[in-house]
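Scroll down for the structure; my scribbles are underneath it.
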Amino acid sequence: MAFTSKILSGLAGVAALGMMSLAAPAQAWEPNKPIDFVIMAGAGGGADQIARFLQSVAEKKNLTTRPLVPNNKGGGSGAEALIALKDSSDPDHTILVTLNSFFTTPLRQPKLGIDIATFTPIAMMGVDPFVLWVHKDSGIKTFEDWLKTVKAEPNYIMGGTGKGQEDSIVIAFMEKAFDIKVKYIPYKGGGAVAKDLAGKQIMATVNNPSETKGFYASGDVVPLLAFSDERMPAFPDVPTVKEKGQTFSYYNQRAVVGAPGMSADAAAYYQQLFKTIYETDEWQGYMKSESLSPLWMAPDKQKVYWTTQVENHKELLAASDQ
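In this text, residue positions in the sequence shown follow numbering that gives the first Met the number 0: the first is 0, and each later residue adds one.
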């Protein structure tokens with residue numbers, strides 16, 4: 000099944016009271032207390048790293064009048080974060096760094112009563128591809144070697160970020176496409192998954208490059224296959240799953256959304272804030288160094304993107320029995 004990132008890409012009035020005089024322009028909305036910067040994942044994963052980098056850029060460049068305060072809520076495959084936004088008592092000061100569990104968790108847990116259409120689009124900061132990784136001590140150097148190993152091992156163990164989340168969707172795809180079977184261990188975040196692969200507690204992962212970057216740099220892990228549309232500049236020798244005969248690619252959205260009920264003025268403030276951050280040399284450099292693909296969207300385009308992704312993930316979850 001194809002699943003790519005290429006889906007979508009007041010003036011002050013004049014007051015009259017006796018004599019005509021210019022009215023003072025209305026004060027633009029600004030936060031008046033710290034901003035709850037909720038992260039839809041645990042510490043150390045891609046979403047966590049991105050949130051803290053965005054926070055550091057905003058602080059470095061004095062872009063906000065009140066600080067962004069990172070707040071990890073990864074429980075229940077991100078359900079904890081979605082509920083926190085849905086029930087926020089101050090939606091104008093509550094924003095969320097999200098990934099594809101923004102789509103999958105409400106689908107898998109309908110009793111949560113989460114309707115993502117009620118959330119406020121802020122910024123699409125890019126999309127993050129997946130890569131299949133093994134430990135260097137496995138001796139596996141190619142995807143074909145990996146397939147032989149998995150088929151010969153009745154208890155091959157892989158880790159990922161929760162049942163029905165992005166990692167498990169990719170792994171379920173591989174199981175069906177290549178006729179393999181693995182034991183899947185769910186974790187609360189991609190950082191923990193990458194750490195346990197480096198520690199040889201599990202045998203393989205499909206982490207995002209940013210989550211495994213340090214272990215790759217130290218030579219502990221080896222990339223075998225990319226789930227991107229094209230070969231990644233950081234891993235030019237790593238083939239894509241499309242090169243293996245599958246019309247499939249999969250990316251994690253790296254986006255910021257606002258709580259339901261956020262005022263239009265607050266939404267405009269955050270949309271401008273993150274557009275400014277997106278255009279900085281720091282964020283452009285981060286995307287390059289962490290192998291993110293650029294994918295900026297205006298708010299109206301994001302709403303269309305959400306609808307498309309919900310429909311795509313309905314099919315993906317059904318196909319993977321998640």
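Heads up, the beta-carbon is just placed ideally off N, CA and C, and yes, glycines get one too.
What you are looking at is a predicted structure, and each value in this text was computed from that prediction instead of being measured.
Residues in the same chain with beta-carbon distance under 7 Å from residue i, minus the five sequence neighbours each way, listed in chain order, please.
i: residue 293; result: 125 and 286
i: residue 201; result: 156, 157, 158, 184 and 195
i: residue 83; result: 37 and 72
i: residue 120; result: 256, 298, 301 and 302
i: residue 188; result: 40, 41, 42, 43, 44, 47, 73 and 160
i: residue 111; result: 78, 81, 82 and 105
i: residue 148; result: 139
i: residue 85; result: 113 and 259
i: residue 173; result: 179
i: residue 150; result: 179
With DSSP as the reference, label residue i as helix, strand or coil.
i: residue 157; result: strand
i: residue 109; result: helix
i: residue 292; result: strand
i: residue 249; result: coil
i: residue 129; result: coil
i: residue 240; result: helix
i: residue 74; result: coil
i: residue 280; result: helix
i: residue 38; result: strand
i: residue 93; result: strand
i: residue 259; result: coil
i: residue 119; result: strand
i: residue 67; result: strand
i: residue 124; result: strand
i: residue 222; result: strand
i: residue 27; result: coil
i: residue 20; result: Any reading at residue 20 is ruled out, since the residue's pLDDT is 34, under 50, leaving its predicted position unreliable.
i: residue 151; result: helix
i: residue 254; result: strand
i: residue 307; result: helix
If I measure Cβ to Cβ from residue i and keep anything under 6 Å in the same chain, skipping five residues before and after, which residues do I get?
i: residue 102; result: 308, 309 and 312
i: residue 66; result: 33
i: residue 117; result: 259
i: residue 265; result: 28 and 91
i: residue 87; result: 93 and 258
i: residue 262; result: 91
i: residue 181; result: 155 and 157
So, are the CB atoms of residue i and residue j less than 9 Å apart?
i: residue 97; j: residue 256; result: yes
i: residue 280; j: residue 209; result: no
i: residue 275; j: residue 95; result: no
i: residue 298; j: residue 252; result: no
i: residue 295; j: residue 115; result: no
i: residue 171; j: residue 55; result: no
i: residue 219; j: residue 197; result: yes
i: residue 90; j: residue 259; result: yes
i: residue 143; j: residue 99; result: no
i: residue 277; j: residue 30; result: no
i: residue 107; j: residue 316; result: yes
i: residue 132; j: residue 203; result: yes
i: residue 53; j: residue 273; result: yes
If contacts are defined as beta-carbon pairs under 8 Å, then residue i and residue j qualify, I think. What distance do you get, rounded to the angstrom?
i: residue 70; j: residue 47; result: Not quite, the Cβ-Cβ distance comes to about 11 Å (not below 8 Å), so this is no contact.
i: residue 76; j: residue 163; result: 6 Å
i: residue 193; j: residue 211; result: 5 Å
i: residue 113; j: residue 146; result: In fact, because the Cβ distance is near 38 Å, the residues do not count as touching under 8 Å.
i: residue 136; j: residue 199; result: 7 Å
Can you list, in chain order, the residues of its chain with a C-beta nearer than 8 Å to that of residue i? Leave out the 5 residues immediately preceding and following it.
i: residue 231; result: 128, 130, 208, 225, 237 and 290
i: residue 18; result: Summary for residue 18: the model assigns pLDDT 32, below 50, so the residue's position carries little reliability; its value from the coordinates is reported in the next sentence. Cβ within range, chain order: n/a, list empty.
i: residue 239; result: 224, 225, 226, 227, 228, 229, 230 and 248
i: residue 141; result: 223
i: residue 58; result: 66 and 67
Taking only beta-carbon positions, decide if residue i is within less than 9 Å of chain B.
i: residue 74; result: Absent here is chain B; the protein component of the structure consists of one chain.
Any heavy atom of the ligand FMN closer than 8 Å to the CB of residue i?
i: residue 121; result: The ligand FMN is not part of this structure, which contains no ligands at all.
### Message
Ignoring anything shorter than 4 residues, give me the alpha helix (DSSP H) runs that lie fully in the region 171-211, in order along the chain.
### Response
189-197
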